[in-house]
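Using the working numbering, you'd call the opening residue of the sequence shown number -12 and step up by one each time.
To start, the structure under review is shown below, and the notes come after it.
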Amino acid sequence: MRSSSSRRGTSHRRTPHTPRRTAAVALAGVAALIAAAVQGGTAIAAPEKAPSAASKAKPGSESVRLTPAQRAALIREADAAKAETAKDLGLGAKEKLVVRDVLKDRDGTVHTRYERTYDGLPVLGGDLVVESTKADATAAVVKATRAAIKPATTKTAVSAAKARQQALKAGEADEAKDAGINRAPRRVIWAANGKPVVAYETVVGGFQHDGTPQELHVVTDATTGEKLFEWEAIETGTGNTVYSGTVDLTTTQSGSTYNLTDGARGNHKTYNLNRGTSGTGTLFSGPDDVWGNGTPSNLESAGADAHYGAALTWDYYKNVHGRSGIKGDGVGAYSRVHYGNNYVNAFWSDSCFCMTYGDGSGNANPLTSIDVAAHEMTHGLTSNTAGLNYSGESGGLNEATSDIFGSTVEFYANNSSDVGDYLIGEEININGDGTPLRYMDKPSKDGASKDSWYSGIGSIDVHYSSGPANHFFYLLSEGSGTKTINGVTYDSATSDGLPVTGIGRDKAEKIWFRALTTKFTSTTNYAGARTGTLAATGELYGTDSAEYKAVQHAWAGINVGTRPGDGGGGGTSFENTADVAIPDRGAAVTSSVTVSGRTGNAPSNLQVAVDIVHTYIGDLKVDLVAPDGTAYTLKGYGTGGSADNLNTTYTVNASSEVANGVWKLRVQDNAAVDTGYINSWKLTFP
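Shown next as structure tokens:
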């Protein structure tokens, strides 16, 4: 079909399907809960009510599909009202809001995501989401930090040259090559982990050890010269071409030439880098509307795969979640294939707003499978919504989000040659033995990923710290135990040995998407992800629903939070919700619960859920004291950094203690200035 005015049109080009010419396919108190949640580490106890029958999502709570024009209008409205919003939020005179994204629910609720500036400087870690209703312009707020943005100074005592030198040193680590400054040090306010301070942010380029482009952000304290944080903005994944049979591709015709431009999906374009590592290369084009022959030696085959994977991902987000394009503005990203030589990876880059794919070992296996294409495109979605920092626990959640939606897009594709599964990169044979890259039902099967959360998980590679969130999503979708889905057998266990009943992938994916786009922020960690998904579930299904209980069970199944104690695999809980003030740099205080009705000793996996409100948790030492006086240190003084509030669950081996009796939570503040109180705590016997 051809446009008479420009001689450009849209065509559905098909790849051939023969034994040797197969097209390659690429890898009710909810508002209050949200307002109280701190995504940088809290997981507030939610109302625990009896589970109801499995329910349908509330019609008014689901997001509407906004056209690019409707979204732009909402952004303009939010931008016009941002000064008033800042006033409603109690922000300081030097703070200003910058609108970044907006979603709207069917009942009229609007979720607006903002960045912040202070005295004209960007505030890194100052992002927030405001939920507004017809009755209340700021009904609820989710913040990346609770700390007031009031740095002691915006003046620098350290030179930009020193920050530049520190950043270059970081960029040259781990066998990186050709490190150089991509963006000179800029002054910012760093608020992502503690009290806000003036800092420099420097971006270092070059290449990582495996040939992946480097875009390393290094944050340097502009007063002391200390390196505060670093993260890699190039977000990577792996995959391999699978043969999908004949697939439809939307292309564009100009005169007698066709090219891989998808006019139906934001003009997404697919380029051939032809082993290069920079620029866009050449747009795939040709005299006919047949692309590739299904073999890696034909460079069009990988182009067809990437184009197909991008189209599937676009359609999935639009048809399932109502989002038109990565930014929601109807504008397509672009894809680059044949990156480098023997490059065994794929990546997303914000700087080019594009997905890039290598050809694998020996240039024999282009990394363009459905789940990998969706994985990379989802990195773009995450960057333009929650903006999860690609480091620490937030980095693991970032990676898991791409795995989660890589899997759901594969199910959505319903391609008989690459059926939906909970395996990531199952076609690549990157290990040389036919095994997948990652397993969502039991992440540790890859030899490095973790099945459950533990206190040090933020210190490992984000591709492995993603394991618990992948595991959570599998448990929430399918439940624990052995089962076979689409011919693949899974056997998923839980950290506490108790069962989890799934609610189905359709509901699980809606919960994760809503949490990502309306509850998560740049600093969200695992505890915050639990809070965010519970808030999202409460909005979609109600806090008394079976779905709400299932989310609690699934998180407890990976050691985040406690079981709801509803008999659905739960256990027995004993809780004290009375507030106990913690004296500033004073004597230890205690809060007690009396355990009764148990037989024998306490378990080896006793769950201790702690909710302490405090303005500097590094000051605190927290112990669990058994009935016989034995103390178990839950958190030592000086640990936990400068974050506000301690809201987490510890697992204690208390098997040497008699279960029945008075148990105490003991808390002592060991330094001056910051104050707080024990809000509640709970013992759960699985």
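No residue lacks a Cβ here, since even glycine has one placed at the ideal position from N, Cα and C.
Exercise. Under a three-way DSSP split, which group does Trp650 fall into?
Worked result: Counted from its first residue, the sequence shown places residue 650 at position 663. The three-state reading of DSSP puts Trp650 in strand, counting E and B together.
For this session: Sort Gly296, Arg550, Val89 and Thr671 by Cα distance to Val582 and report the nearest one.
Result: As a working mapping, residue 582 is identified with position 595 in the sequence shown. Distance from the Cα of Val582 is smallest, within the candidate group Gly296, Arg550, Val89 and Thr671, for Thr671.
Exercise. Thinking just about the alpha-carbon of each residue, which of Thr210, Pro200 and Ala289 is nearest to the one in Gly266?
Worked result: Here residue 266 refers to the residue found at position 279 when the sequence shown is read from its first residue. Ranked by how close their Cα comes to the Cα of Gly266, the residues Thr210, Pro200 and Ala289 have Pro200 in first place.
Problem set entry | Span separating the alpha-carbon of Lys622 from that of Tyr664 | As a working note, residue 622 is residue 635 in the sequence shown. As a working note, residue 664 is residue 677 in the sequence shown. Near 16 Å, if we compare the C-alpha coordinates of Tyr664 and Lys622.
Exercise. By how many angstroms is the C-alpha of Ala361 removed from the C-alpha of Cys341?
Worked result: Position 354 of the sequence shown, counted from the first residue, corresponds to residue 341. Position 374 of the sequence shown, counted from the first residue, corresponds to residue 361. Taking the straight line joining both Cα atoms gives about 12 Å.
Exercise. In three-state terms, what does DSSP make of Glu82?
Worked result: Start at 1 with the first residue of the sequence shown, and residue 82 comes out as number 95. If DSSP states are grouped into helix, strand and coil, Glu82 belongs with the strands.
Problem set entry | Span of the beta strand (DSSP E), counted from its first residue to its last, around Asp405 | Within the sequence shown, numbered from 1, the residue matching residue 405 stands at position 418. No beta strand (DSSP E) holds Asp405; DSSP gives it neither H nor E.
Problem set entry | Ala514 to Ser288 span [Cα, whole Å] | By 1-based counting over the sequence shown, the position of residue 514 is 527. By 1-based counting over the sequence shown, the position of residue 288 is 301. Straight through space, the alpha carbons of Ser288 and Ala514 are spaced by roughly 43 Å.
For this session: Within the same chain, show all residues whose beta-carbon is closer than 6 Å to that of Lys36, passing over the 5 residues directly before and after it, in chain order.
Result: Working through the sequence shown from its first residue, we reach residue 36 at position 49. Low per-residue confidence applies at Lys36: pLDDT is 31, beneath 50, and the placement is therefore not dependable, though the value from the model is reported in the following sentence. So the qualifying residues of the chain are Asp531.
Exercise. In the DSSP assignment, what are the bridge partners of Ile569?
Worked result: By 1-based counting over the sequence shown, the position of residue 569 is 582. Ile569 is bridged to Gly663.
For this session: Look at Thr238 and Val185 and say whether their C-beta atoms are less than 8 Å apart.
Result: Within the sequence shown, numbered from 1, the residue matching residue 238 stands at position 251. Within the sequence shown, numbered from 1, the residue matching residue 185 stands at position 198. Not a contact, by the Cβ cut-off of 8 Å.
Exercise. Residues in its own chain within less than 8 Å of Arg93 by CB, not counting five upstream and five downstream?
Worked result: Here residue 93 is taken as the residue at index 106 of the sequence shown, counted from 1. Only Pro46, Gly47, Ser48, Glu49, Ser50 and Val51 meet the Cβ criterion.
For this session: Can you tell me which of Thr189, Thr99, Thr626 and Gly250 puts its alpha carbon nearest to the alpha carbon of Lys156?
Result: If you number the sequence shown from 1, residue 156 lands on position 169. Residue nearest to Lys156 within the set Thr189, Thr99, Thr626 and Gly250 is Thr189 (criterion: CA-CA distance).
Exercise. Looking at C-alpha atoms only, which residue of Lys91, Asp275, Asp493 and Thr257 is the closest neighbour of Gly319?
Worked result: The residue labelled residue 319 in the question sits at position 332 within the sequence shown. When C-alpha distances from Gly319 are compared across Lys91, Asp275, Asp493 and Thr257, the shortest belongs to Thr257.
Exercise. Going straight from the alpha carbon of Lys432 to that of Gly625, what length do you get?
Worked result: The count along the sequence shown starts at 1 and reaches residue 432 at position 445. The count along the sequence shown starts at 1 and reaches residue 625 at position 638. So the alpha carbons of these two residues sit roughly 35 Å apart.
Problem set entry | Endpoints, beta strand (DSSP E) assigned at Ser370 | Against the sequence shown, residue 370 aligns to sequence position 383. That residue, Ser370, is in no beta strand (DSSP E); its alpha helix (DSSP H) goes Ile357 to Ser370.
For this session: Just tell me which of Leu299, Asn473 and Phe460 has its CA closest to the CA of Ile490.
Result: By one-based count along the sequence shown, residue 490 stands at place 503. Answer by Cα proximity: Phe460.
For this session: Answer with buried or exposed for Gly474, where buried requires no fewer than 16 other C-beta atoms within 10 angstroms of its C-beta.
Result: Stepping through the sequence shown from its first residue, residue 474 is reached at position 487. By the neighbour-count rule (16 or more Cβ atoms within 10 Å), Gly474 is not buried but exposed.
For this session: Go ahead and label Asn329 buried or exposed: buried means 16 or more other beta carbons lie within 10 angstroms of its beta carbon, across all protein chains shown.
Result: Taking the first residue of the sequence shown as position 1, residue 329 is located at position 342. Asn329 should be labelled exposed.
Problem set entry | Ser325 versus Asp275: straight-line alpha-carbon distance, rounded | Within the sequence shown, residue 325 is the residue found at index 338, counting from 1. Within the sequence shown, residue 275 is the residue found at index 288, counting from 1. First, the residue type needs correcting, since residue 325 is His and not Ser in the sequence shown. If I take the Cα positions, the gap works out to 21 Å.
Problem set entry | Residue interval of the beta strand (DSSP E) (run including Thr636) | Here residue 636 refers to the residue found at position 649 when the sequence shown is read from its first residue. Where Thr636 is concerned, the enclosing beta strand (DSSP E) stretches over Leu633 to Val639.
Exercise. Candidates Thr510, Gly468, Ala630 and Asn352: which alpha carbon is nearest Pro486's?
Worked result: Locating residue 486 in the sequence shown gives position 499, counting from the first residue. With distances taken between Cα atoms, Pro486 lies closest to Gly468.
For this session: Specify, as a first and last residue, the run of the alpha helix (DSSP H) that Asn259 falls within.
Result: For the purposes of this step, residue 259 is taken as the residue at position 272 of the sequence shown. Unbroken run through Asn259 is the beta strand (DSSP E), His255 to Asn259; no alpha helix (DSSP H).
Exercise. Mind checking whether Asp428 and Asp478 have CB atoms under 8 Å apart?
Worked result: Against the sequence shown, residue 428 aligns to sequence position 441. Against the sequence shown, residue 478 aligns to sequence position 491. For Asp428 and Asp478, yes; Cβs fall inside 8 Å.
Exercise. What does a CB cutoff of less than 6 Å around Asp631 pick up in its chain, not counting 5 residues either side in sequence?
Worked result: One-based indexing of the sequence shown puts residue 631 at position 644. If the five residues before and after Asp631 are omitted, its C-beta is found closer than 6 Å to the C-beta atoms of Arg133 and Thr602, all from its own chain and listed in chain order.
Exercise. What are the boundary residues of the alpha helix (DSSP H) that includes Glu188?
Worked result: Counted from its first residue, the sequence shown places residue 188 at position 201. First-last for Glu188: Val184 to Phe194, but that is the beta strand (DSSP E), not the alpha helix (DSSP H).
Exercise. Under three-state DSSP, which class holds Pro590?
Worked result: As a first step, residue 590 is located in the sequence shown; it is residue number 603 there, counting from the start. Residue state, collapsed to three classes: coil.
Exercise. Going by beta carbon distance, what residues of the same chain come within less than 7 Å of Asn563, once the five residues before and after it are set aside?
Worked result: Along the sequence shown, one-based indexing puts residue 563 at 576. Within the same chain, Asn563 has close Cβ partners Ser578, Ser579, Val580, Ser667 and Trp668.
Exercise. Which runs of the alpha helix (DSSP H), 4 residues or longer, sit entirely within the stretch 141 to 181?
Worked result: As far as the stretch 141 to 181 is concerned, its whole alpha helix (DSSP H) runs of at least 4 residues are 147 to 158.
For this session: Starting from Ile472, trace the beta strand (DSSP E) both ways and give me its first and last residue.
Result: Here residue 472 corresponds to residue number 485 of the sequence shown, with the count starting at 1. Its beta strand (DSSP E) spans residues Gly468 to Ile472.
Problem set entry | Rounded C-alpha distance that separates Arg517 from Ser439 | Sequence index remark: in the sequence shown, residue 517 carries index 530 (1-based). Sequence index remark: in the sequence shown, residue 439 carries index 452 (1-based). Those two C-alpha atoms are separated by around 13 Å.
Exercise. Do the CB positions of Trp301 and Gly290 come within less than 8 Å of each other?
Worked result: For the purposes of this step, residue 301 is taken as residue 314 along the sequence shown, with counting starting at 1. For the purposes of this step, residue 290 is taken as residue 303 along the sequence shown, with counting starting at 1. No. Outside cutoff.
Exercise. Does the stretch 646 to 653 come within contact of the stretch 601 to 620, defined as at least 3 CB pairs closer than 8 Å?
Worked result: In this structure the stretch 646 to 653 lies against the stretch 601 to 620, because at least three pairs of beta carbons, one per stretch, are closer than 8 Å.
Exercise. On the premise that Asn457 lies in contact with Ala522, defined as a C-beta separation below 8 Å, what is that separation, rounded to the nearest angstrom?
Worked result: Along the sequence shown, read from residue 1 onward, the residue named residue 522 stands at position 535. Along the sequence shown, read from residue 1 onward, the residue named residue 457 stands at position 470. Contact doesn't hold; Cβ gap of about 21 Å is too wide.
For this session: Determine which residues share a DSSP beta bridge with Lys214 and list them.
Result: By one-based count along the sequence shown, residue 214 stands at place 227. Note: Lys214 sits in a beta bridge opposite Thr207.
Problem set entry | Within 8 Å, strictly: CB atoms of Asp66 and Val86 | Within the sequence shown, residue 66 is the residue found at index 79, counting from 1. Within the sequence shown, residue 86 is the residue found at index 99, counting from 1. Against a cut-off of 8 Å, the Cβ pair of Val86 and Asp66 comes out as a contact.
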